[in-house]
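*Asks:* Residue numbers (my numbering), protein chains in the order written: chain A, 1 to 482; chain B, 1001 to 1482.
Dropping the structure in here first, questions after.
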């Protein structure tokens, strides 16, 4: 009896001890000593520095892992994950009217796109990468040398499919996304937007309907408008992505020609579909022979230990058209993206050849060499860490400066922070006021063909900086004022 | 009376004398001493070398000008024009059924496009420039230096409209095409095909009809098929271009959403519309507020003294969308073209931004610098001369090797030679036979939505070489055999 009690006390003490260690490390994370993406001291260092047993150090780290504060990476150590303010909730799954809707875009789209070209604006709108995090020096040197070495190839039309060494490199990269792809199955495009456009041309006719996530990437809505394709908006969970039950209902109710999804770090919510959901999504569509157009452009910018798979990884019937590009990671100005179109390859290739013959050769050469050097993966490791820090800092600023009751998503990758303002709020009006003060962001209604999400806005965390912090403060102030 | 007769005799002798001189020069042209594009001896040299009076030399040259053998260029001298065999006629204006026709392309198109990627083929099909006539060395060096100097600009998204210094250079070049254009009115595209695609998106809806030249550039037919647009084929004169009376009739009979024309060195006929026809074309369409989509891609590759104006030069109401690119003159692989869309600018810009955001930056930088250096005009002078020689040589080979009764066009610019075989002939069958022997050309039926022109074929004179001469002989032999 006595012995039993003393064992319990001992256990309690131990529990307190590893909790104490965990709390100390948490403080170091919260005060910025260790930031998102940083490696924290090893278990052995904690054992020595904090004078606790190795077991206690291990248990402390396990606790931190359970709390989602850190993550182990094999053969590397423990890393800080992005941490979103606890005082601030995640938005709910939206309610959506899932009837086919023709699209008519407002002029706000043009304003947002034009903001990008305005050097005096604080750019929290368009999801561009931070220019300082592009490999400017190295990539330009490689381009410079590559065209001098391959003078003839540089100037001539390449194959419609694109520069072969680049397709080989992309096939290698796709392994990490769970995809085993023959370079012959890849078509290089002028960015991801063109890849998606080609996918739509290959799978839909004017008047057709496409099922999309809601909220959805507004560039997609513009593409659908251009090709007179209707949308069926499917509610999307801010953490787990498209709600499969809702999609299933919609498939039963409406003729759907294709489904568009952004399974990894969706724009705007940043949601990432669990593996099992991706598998079910692909299967559910395959049963009805409906193509899935996947946008995987943020797949490489994940903040956790491993790259989430692309939905393409579960494609056994060639029905997934997977689209991506190097515009977020390497060089938006190079306009190099790609599509793995599965059974739609010949249609996509035909549309590509008719629309612009091929993608410009010199940028493809440069990117192929950059990848072959191993430069890409090194570069990715670096920017992942920095973007995780940026999005954490931006979430913190939103918590600090936005009205009480504001909610934000907790993305595990990408740059997009989706913010829900307490009702009533009018983010279009907020955009106009912010715009007058030289700040651009994307108001919520642009992410829906039915102009929902009037109390939401999307922020580009890639552009986090001191100036951006002031801009967040200004938006918060304006939101409270409205 | 006696005096009168002796004056007549004298005149006759004189006539004989300058005719003799002219004939001697003609022989030198025919035997290849002076080839198309070459400068021939000055009047003063003829006077000295042939020991005739200056007046006789001048008259001889006037006679040669009247015969279309040479042409004076101000402050420069006399130049040999391309000369087509006299024994061989020009095809007639085709008879065309001008009812709106939906397009369904045959698989031959894919074959032709795939031939391009086959290094073992003799390429007389796709109208690519001769790789040896591209400024490989210089343009790559400029690109190489430009991206090292502008590391940031090279990697970032540029304006949707494209790199401004390039638009300034294009505006300067367009002066020679009779167009006074603000760089702000120009949108850079991924080649001319994309420019035309954007023009179609900006002016037509699926189901609409577009009036086109007949025979017409087959890539256009593929674009129209992709966007479900019908064609109304308008007979086109092999020398003067689209027959305006026929166009007028068609405009009265059918609702036409846009007209597509290739006023300078049309594909496939090589026809060039006289200034007055261009003016009337623009006016006729403007009266009905119908947009004209102009393809001016060969405008800079003229064989005579002056650049023919673009139809855009006559556009007073912003209804002409003028498209072109550097793919025929500088670097097909760079994918840099442009459109001057007139009043459709915001629609074209929107479609561009939605479809692929912008054109790749590095190739634009390189071309802008190449043009600013004056390198472009020097380069053009050189290739014009060489292409004139190539097309002359190819015409001669067709005369020599093709069956009696064959007709060819006499293009004054571009690379395209349009050949009419004596009836009955089946150019699709001919293509298949030639293809088996490693030769590609484009059979006539591909230039019509109604598969007309079954006894025609298009040859790319840019690829003239010894091997091409053998290929022409083979095609001629096969044609006779069929």
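Note that CB positions come from ideal geometry on N, CA and C, so glycine has one too.
1) Decide if residue 2 (chain A) is buried, meaning its Cβ has at least 16 other Cβ atoms within 10 Å, or exposed.
2) If I'm right that residue 1185 (chain B) touches residue 1312 (chain B) with Cβ under 8 angstroms, what's the distance once you round it to whole angstroms?
3) Of all the beta strand (DSSP E) runs that stay within the bounds of the segment 180-209 of chain A, which reach a length of 3 or more residues?
4) Starting from residue 1448 (chain B), find everything on chain A with Cβ-Cβ shorter than 9 angstroms and list it in chain order.
5) Nearest by alpha-carbon distance to residue 1382 (chain B): which of B:1227, B:1329 and B:1249 is it?
6) When we look at the beta-carbon of residue 217 (chain A) and count the other beta-carbons within 10 Å, is it buried (16 or more) or exposed?
7) Between which residues of its own chain and residue 1077 (chain B) is the CB-CB distance below 6 angstroms, once the five residues before and five after are set aside?
8) I need the straight-line Cα distance from residue 415 (chain A) to residue 232 (chain A), nearest angstrom please.
9) List, from N- to C-terminal side, the beta strand (DSSP E) runs of 3 residues or more that fit wholly inside the segment 1397-1473 of chain B.
10) Check the Cβ of residue 151 (chain A) against every Cβ in chain B and list those closer than 7 angstroms, keeping chain order.
11) Rounded to the nearest angstrom, how far is the Cβ of residue 1264 (chain B) from that of residue 1298 (chain B), given a contact under 8 angstroms?
12) Can you pull the chain B neighbours of residue 131 (chain A), defined as C-beta to C-beta under 9 angstroms?
13) Over what stretch of residues does the beta strand (DSSP E) that includes residue 1042 (chain B) continue unbroken?
14) Give me the chain A residues within the contact set of residue 1117 (chain B), using Cβ-Cβ distance strictly less than 8 angstroms, ordered along the chain.
15) Taking buried to mean at least 16 other C-beta atoms within 10 Å of its own C-beta, is residue 1097 (chain B) buried or exposed?
16) Out of A:319, A:60 and A:32, which has the shortest C-alpha to C-alpha gap to residue 45 (chain A)?
17) Report the rounded CA-to-CA distance for residue 310 (chain A) versus residue 294 (chain A), giving the unit in angstroms.
18) Grab me the residues of residue 1478 (chain B)'s own chain with a C-beta within less than 7 angstroms of its C-beta, minus the 5 sequence neighbours each way, in chain order.
19) Residue 223 (chain A) touches chain B at which residues, Cβ-Cβ below 7 angstroms?
20) Spatial neighbours of residue 93 (chain A) within its chain, please: CB distance less than 8 angstroms, with the 5 preceding and 5 following residues excluded, ordered by chain position.
21) Cβ atoms of residue 1122 (chain B) and residue 1535 (chain B): under 8 angstroms apart, would you say?
22) Can you tell me the Cα-Cα spacing of residue 411 (chain A) and residue 306 (chain A), whole angstroms?
23) So with Cβ pairs under 8 angstroms, would you call residue 483 (chain A) a contact of chain B?
24) Name, please, each residue of chain A whose Cβ falls closer than 9 angstroms to the Cβ of residue 1128 (chain B).
25) Mind checking whether residue 300 (chain A) and residue 380 (chain A) have CB atoms under 8 angstroms apart?
26) Excluding sequence positions up to five away, which residues of its chain have a Cβ less than 8 angstroms from the Cβ of residue 1215 (chain B)?
27) Quick check: residue 282 (chain A) and residue 320 (chain A), are their CB atoms within less than 8 angstroms of each other?
28) Check whether the Cβ atoms of residue 153 (chain A) and residue 361 (chain A) lie closer than 8 angstroms to each other.
29) Taking a Cβ distance cut-off of 7 angstroms, strictly less, list which residues of the segment 1312-1339 of chain B are near chain A, in chain order.
30) Please report the distance separating the alpha-carbon of residue 1249 (chain B) from that of residue 190 (chain A).
31) Taking residue 1083 (chain B) as the reference, give the member of B:1396, B:1442 and B:1421 with the closest Cα.
32) Please report the distance separating the alpha-carbon of residue 172 (chain A) from that of residue 1135 (chain B).
33) Let me see if you follow: with CB-CB separation under 8 angstroms, is residue 367 (chain A) close to chain B or not?
*Replies:* The short version:
1) Because residue 2 (chain A) sits at a pLDDT of 48, beneath the cut-off of 50, its placement in the model cannot be relied upon, and the point is left open.
2) Their Cβ separation, rounded to whole angstroms, is 10 angstroms, which puts residue 1185 (chain B) and residue 1312 (chain B) out of contact at 8 angstroms.
3) 187-189
4) Ordered by position in chain A, no residue passes the 9 angstroms Cβ test against residue 1448 (chain B), which lies about 17 angstroms from the chain.
5) B:1329
6) buried
7) 1039 and 1042
8) 26 angstroms
9) 1416-1420 and 1456-1460
10) 1136, 1137 and 1140
11) 6 angstroms
12) 1152, 1155 and 1156
13) Residue 1042 (chain B) -> no beta strand (DSSP E), and no H or E assigned at all.
14) 159 and 160
15) exposed
16) A:60
17) 8 angstroms
18) 1430, 1433 and 1434
19) 1354
20) 235, 236, 237, 238 and 243
21) Residue 1535 (chain B) lies beyond the residue range present for chain B, which begins at 1001 and ends at 1482; the question has no answer from this structure.
22) 15 angstroms
23) In the structure as shown, chain A starts at 1 and stops at 482, and residue 483 (chain A) therefore has no counterpart that could be examined.
24) 156 and 157
25) yes
26) 1094, 1236, 1268, 1269, 1418, 1444, 1447, 1448, 1452, 1453 and 1456
27) yes
28) yes
29) 1331, 1332, 1333, 1334 and 1335
30) 41 angstroms
31) B:1396
32) 35 angstroms
33) no
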